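So the sequence shown is numbered by the working numbering: it starts at 809 and just counts up by one.
In this text, a Cβ means the ideal position worked out from N, Cα and C, and glycines have one as well.
Model, not experiment: these values are computed from the prediction.
Below: the structure, in structure tokens.
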Amino acid sequence: MDVYRPEKFVVESGQLQHSFKWLMSYYSYYKKCKVIAKEILDKRAGLVVSDEDFASIAIGEEMGRRRVLITDITETHFTTGPASMIERKMNKSMQKMIQACDCVIIPDAGDDYGNIRHVGPIVRQASAGRDALRKQFGFTRNTIVVSTGGTDAGRYLIEKAIEAHRKLQSRLDSELVVVSGPSLKLPDSPDYRNLGFVDNLHELVYAADLVISLAGRSTIDESIAYGTPGIFIPIKGHFEQEEGAARLGFKYEDIFRLESLVEEKIGRRNNNNAVHAAGGGAERAAKIISDLDR
């Protein structure tokens, strides 16, 4: 229904700015979302399934509705110093909501306990094999896909990727494909092919020879599931992205050595990955939800 209007991170040169101000703006946004969620849930019965939308979880709890939360975050770490005291209070409230849910689905491997169910990465299945997808997308050379979530937060990474690729493309016989998303506008250029917004990013990741992205969970999981090598640069100061990137050996400062990373990673597919496993996490999550909804 597209009824939420989230607060935007302020990112300059790939670094998160004014984190405490953003946290306070997010709390105000959360309260607005609760009003919207109540209007929607008042008109609809049944189970509430939330992908990290804590407003609908809070309203569902007030209404005595069964609730399933899908998340890999149990607390946030955006602030330091005195400001972190407020964030810790917000984390305690969030954890109470998590503990009160009928089920919490975590898209990662791990042991289940209490209401927590680990299902592994949730990745969509591709509609065709890799060779067929490459033909469909016109990927005839070494193809680098750059995806940054469609906001200005990723503009800096796109610019750095274009800069690095200019120096490499003749040597690598490569093409740069940018998925800029619905809101980030890029000028036309012979240096890259801009696809704008797509609804099948997972298939582009599968078909690519290398993916460059911010360290968002979904793209990381898609890269691993499909065996496509990836370079994941976190927004500096964004705890979730920094933790995700660190698991794969990346950090913000790697943005300044993209050229060497591209040469190192491109084409080094992990063909030992079982591509058919993509979708297993989604299937397990769906079964948990459907069993609760009976």
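Between HIS1010 and GLU1030, the C-beta spacing is below 7 Å. GLN1049 sits buried, since 16 or more C-beta atoms from the chains shown fall within 10 Å of its C-beta. When C-beta atoms of the stretch 931-946 are compared with those of the stretch 986-997, fewer than three pairs fall below 8 Å, so the two segments do not count as touching. If you draw a straight line from the Cα of VAL857 to the Cα of ASP1099, it is about 13 Å long. Put simply, the backbone Cα of TYR812 is about 7 Å away from that of CYS841.
One Cα belongs to ASN899, the other to LYS1095, and the distance between them is close to 29 Å. Residue pairing of PHE1040 in beta bridges, as defined by DSSP: SER1021.
Closest by C-alpha distance to LYS816, out of ILE966, SER991 and THR1036, is SER991. Within a 10 Å sphere around the beta-carbon of PRO814 sit fewer than 16 other beta-carbons, which makes this residue exposed.
With respect to ALA1016, THR1036 sits close: the two C-beta atoms are nearer than 7 Å.
In this structure, TYR1034 is the residue among TYR1034, ASP1101 and GLU1051 with its C-alpha nearest to the C-alpha of GLY937. Excluding the 5 residues flanking it on each side, ARG974 has same chain C-beta neighbours closer than 8 Å at ASP999, in chain order.
Below 8 Å, enough C-beta pairs join the stretch 845-855 and the stretch 871-880 to call them touching: three or more.
Taking a C-beta distance under 7 Å as the contact criterion, ARG942 and GLU983 do not qualify as a contact pair. With 16 or more other CB atoms across the displayed protein chains lying within 10 angstroms of its CB, ALA1023 is buried. Collapsing the DSSP output to three states places CYS909 in coil. Selection ASP1007, ILE865, GLY918 and LEU855 evaluated against MET902 yields ILE865 as nearest (Cα-Cα). Around PRO1042, the same chain offers ALA1023, GLN1049, GLU1050, ALA1053 and TYR1060 as residues with beta carbons nearer than 6 Å, after the five sequence neighbours per side are excluded.
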